[in-house]
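Using UniProt numbering, you'd call the opening residue of the sequence shown number 1 and step up by one each time.
Positions of the beta carbon are idealized from the N, C-alpha and C atoms, including for glycine.
These numbers come from a predicted model, not from an experiment.
Here's the structure we're looking at; comments come further down.
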Amino acid sequence: MSNKNASGIITINPLGFPWPVSDPFLFCAYHEDDYPKGNTDFAVTESLIGRNIGSDFVKQNGYRMYHGKTVPGFPAHPHCGFETVTIVEKGFVDHSDSLGASARYGLGDVQWLTTGSGIMHAEMFPLLDSENRNQFELFQIWLNLPAKSKQVPANFAMFWANEIANFTIGTASKLKLTTGSIGQYQASIAPPSDSWAADPENDVVIAMITLEEGDTFVLPKANKNDSNRTIYFYEGSQLQVDETLITRHSSIQLDSSYDVTLTAKVGQVKVLLLQGQAIKEPVAQHGPFVMNTQEELVEMVQLYQQTQYGGWSWGRLDPVHGAEKKRFAKSKDGLSIPK
1 MSNKNASGII
11 TINPLGFPWP
21 VSDPFLFCAY
31 HEDDYPKGNT
41 DFAVTESLIG
51 RNIGSDFVKQ
61 NGYRMYHGKT
71 VPGFPAHPHC
81 GFETVTIVEK
91 GFVDHSDSLG
101 ASARYGLGDV
111 QWLTTGSGIM
121 HAEMFPLLDS
131 ENRNQFELFQ
141 IWLNLPAKSK
151 QVPANFAMFW
161 ANEIANFTIG
171 TASKLKLTTG
181 SIGQYQASIA
191 PPSDSWAADP
201 ENDVVIAMIT
211 LEEGDTFVLP
221 KANKNDSNRT
231 IYFYEGSQLQ
241 VDETLITRHS
251 SIQLDSSYDV
261 TLTAKVGQVK
271 VLLLQGQAIK
281 EPVAQHGPFV
291 MNTQEELVEM
301 VQLYQQTQYG
311 GWSWGRLDPV
321 HGAEKKRFAK
331 SKDGLSIPK
């Protein structure tokens, strides 16, 4: 269907925290923080007086601690029944989990974690620069798992920045395609085999579009006309979507059966795209536990209380992985995951 005489926009809503999502997605959070220089423990050097330490989600002096007490981030916590796709554009994340696996990733890397039958992990944001401020930017997207995959073994895959498909669009603009396809553009890395995104029929796309001033990109209609499609205008001052000028950061739900024209009117504009076929199954959720029924949910919470999904062997709930600015990943068997 052509959008020559009609707009592909369904709704426009201002961005808050977290960002609104549609099936098959469960959650999307954007973290942008300007941390001070770090100390020898890779922790904040400034006073934290006046913050709600342990649950600091209000930005003060340019940053938040989240659930971290000295190093910002998210100490050990459980997940089950879905996937997290974590995109780190600036800074680093130190991952440790109850399977014994670990990683440090950032600077454009993506971690795709299938939580399946249950996992505990920590996501800490070490402040590795002791002389300058530590810029940090992260997106975390929760992608649901269908019932048939909710009990698969937990595991993660690394999509290293140099392996992710990046394309030049327009004159000098960029498309970063983590998964799926957009018209002629195809992601370079297959998602985990148990993921809803693994089947091309599910039309899952996770992409980032950076438009330089004056550039235009025609976002072609989705492969499936009934896929849920949302773009998130999160950086820049003016984005034009078809004939509609948007001047505040917004989520824009699109009709996936239309081509949609995106134009950066003033300065650079950045957009996140989430798209996919709905799973269309019941969702029973209690925080980081996601199942299909309340009975299943109770069982998984009880299993976590009894086993901690494998137990925690890291000595502390907020481990970090040393001073070297080196990205790495090790499997539960201690084997290095190549990059």
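Item to check | C-alpha distance - Ser7 paired with Met208, whole-angstrom precision | outcome: Translated into positions along the sequence shown, residue 7 becomes position 7. Translated into positions along the sequence shown, residue 208 becomes position 208. Their backbone Cα atoms lie some 22 Å apart in a straight line.
Checklist entry - Which stretch, first to last residue, makes up the beta strand (DSSP E) that contains Tyr234? => result Here residue 234 is taken as the residue at index 234 of the sequence shown, counted from 1. Here the beta strand (DSSP E) through Tyr234 covers Asn228 to Glu235.
Item to check | Within the region 143-227, ranges of the beta strand (DSSP E) (whole runs, at least 3 residues) | outcome: Listed in chain order, they are 155-159, 165-169, 173-179, 205-211 and 216-219.
Next on the checklist: Can you tell me where the alpha helix (DSSP H) holding Val301 begins and where it ends?
Outcome noted: Here residue 301 corresponds to residue number 301 of the sequence shown, with the count starting at 1. In the DSSP assignment, Val301 falls within the unbroken alpha helix (DSSP H) covering Gln294 to Thr307.
Checklist entry - Under 8 Å, do Thr114 and Glu83 count as touching if we go by C-beta distance? => result By one-based count along the sequence shown, residue 114 stands at place 114. By one-based count along the sequence shown, residue 83 stands at place 83. Note that the C-beta distance between Thr114 and Glu83 is below 8 Å.
Item to check | Inter-residue Cα distance where the pair is Asp199 and Gly38 | outcome: Your numbering for residue 199 matches position 199 in the sequence shown. Your numbering for residue 38 matches position 38 in the sequence shown. Note on geometry: alpha-carbon atoms of Asp199 and Gly38 lie some 43 Å from one another.
Checklist entry - Does the pairing of the region 9-24 with the region 271-282 give three or more beta-carbon distances under 8 Å? => result yes
Checklist entry - If we call anything under 8 Å between Cβ atoms a contact, is Phe159 one with Asp109? => result Translated into positions along the sequence shown, residue 159 becomes position 159. Translated into positions along the sequence shown, residue 109 becomes position 109. Their beta carbons are under 8 Å apart, which means Phe159 touches Asp109 by this criterion.
Checklist entry - Tell me, which residues are paired with Phe25 by DSSP? => result Here residue 25 refers to the residue found at position 25 when the sequence shown is read from its first residue. Answer is Leu143, bridged to Phe25.
Checklist entry - What are the boundary residues of the beta strand (DSSP E) that Pro78 is part of? => result Numbered from 1 along the sequence shown, position 78 holds the residue referred to as residue 78. Gly73 to His79 is the span of the beta strand (DSSP E), which, as asked, contains Pro78.
Checklist entry - Any idea what DSSP makes of Gly50, helix, strand or coil? => result The residue given as residue 50 occupies position 50 in the sequence shown. Correct three-state label for Gly50: coil.
Checklist entry - Comparing the CB of Ser55 with every heavy atom of the ligand SAM, is any distance shorter than 7 Å? => result As far as ligands go, the structure on display features none, and thus does not contain the ligand SAM.
Checklist entry - Is the region 302-314 in contact with the region 131-148, if contact means three or more CB pairs nearer than 8 Å? => result Touching, no, given that fewer than three Cβ pairs across the two stretches are closer than 8 Å.
Next on the checklist: On the CB-based measure, 16 or more other CB atoms within 10 Å of its CB, does Leu335 come out buried or exposed?
Outcome noted: In the sequence shown, counting from the first residue as 1, residue 335 sits at position 335. Leu335 comes out exposed.
Checklist entry - By a C-beta neighbour count over all protein chains shown, 10 Å radius and 16 as the cutoff for buried, is Ala76 buried or exposed? => result Along the sequence shown, one-based indexing puts residue 76 at 76. The residue is buried, with at least 16 neighbouring Cβ atoms inside 10 Å.
Next on the checklist: Going by the DSSP bridge assignment, what does Asp135 pair with across the sheet?
Outcome noted: The residue given as residue 135 occupies position 135 in the sequence shown. Before going on, a small fix: residue 135 reads as Gln here, not Asp. Note: Gln135 sits in a beta bridge opposite Asp34.
Checklist entry - Apart from the five residues just before and just after Ile10, which ones in its own chain have a Cβ nearer than 6 Å to its Cβ? => result The residue you call residue 10 lines up with position 10 of the sequence shown. Answer for Ile10: Gln253 and Asp255, listed in chain order.
Item to check | Rounded Cβ spacing between Thr210 and Gln268 (contact assumed at less than 8 Å) | outcome: Indexing the sequence shown from 1 puts residue 210 at position 210. Indexing the sequence shown from 1 puts residue 268 at position 268. About 7 Å separates the two Cβ atoms, so the contact holds.
Checklist entry - Can you find at least 3 beta carbon pairs, one from the region 27-45 and one from the region 111-127, that sit closer than 8 Å? => result yes
Checklist entry - Alpha carbon to alpha carbon, how far is Gln140 from Ser313? => result Along the sequence shown, one-based indexing puts residue 140 at 140. Along the sequence shown, one-based indexing puts residue 313 at 313. Distance between the alpha carbons of Gln140 and Ser313 is about 25 Å.
Checklist entry - Count the other CB atoms within 10 Å of the CB of Arg327; is the residue buried (16 or more) or exposed (fewer)? => result Position 327 of the sequence shown, counted from the start, is the residue given in the question as residue 327. Answer is buried; the Cβ neighbour count reaches 16.
Next on the checklist: Suppose you measure from the CA of Asp41 to the CA of Val71; what does that come to, to the nearest Å?
Outcome noted: Here residue 41 refers to the residue found at position 41 when the sequence shown is read from its first residue. Here residue 71 refers to the residue found at position 71 when the sequence shown is read from its first residue. Approximately 8 Å, taken between the alpha carbons.
Checklist entry - Using the beta-carbon count (16 or more within 10 Å), is Leu245 buried or exposed? => result Your numbering for residue 245 matches position 245 in the sequence shown. Counting of Cβ neighbours within 10 angstroms places Leu245 among the exposed residues, the total staying below 16.
Checklist entry - If we ignore side chains and look at the alpha-carbon of each, how far apart do Val320 and Lys224 end up? => result The count along the sequence shown starts at 1 and reaches residue 320 at position 320. The count along the sequence shown starts at 1 and reaches residue 224 at position 224. Straight-line Cα distance between these residues: approximately 43 Å.
Item to check | Cβ distance (whole Å) where residue 340 is taken to contact His286 below 8 Å | outcome: Any answer about residue 340 is impossible in this case: the structure gives the chain only from 1 up to 339.
Checklist entry - Based on Cα-Cα distance, which residue from Asp318, Asp203, Gly322 and Ser251 lies nearest to Gly54? => result Sequence index remark: in the sequence shown, residue 54 carries index 54 (1-based). Ranking the options by Cα distance to Gly54, first place goes to Asp318.
Item to check | Nearest-angstrom Cα separation, counted from Trp196 out to Asn3 | outcome: Translated into positions along the sequence shown, residue 3 becomes position 3. Translated into positions along the sequence shown, residue 196 becomes position 196. With a pLDDT of only 39 at Asn3, under 50, the local geometry of the prediction cannot be trusted, and the value read off the model is given with reservation. For Asn3 and Trp196, the distance between alpha carbons rounds to 29 Å.
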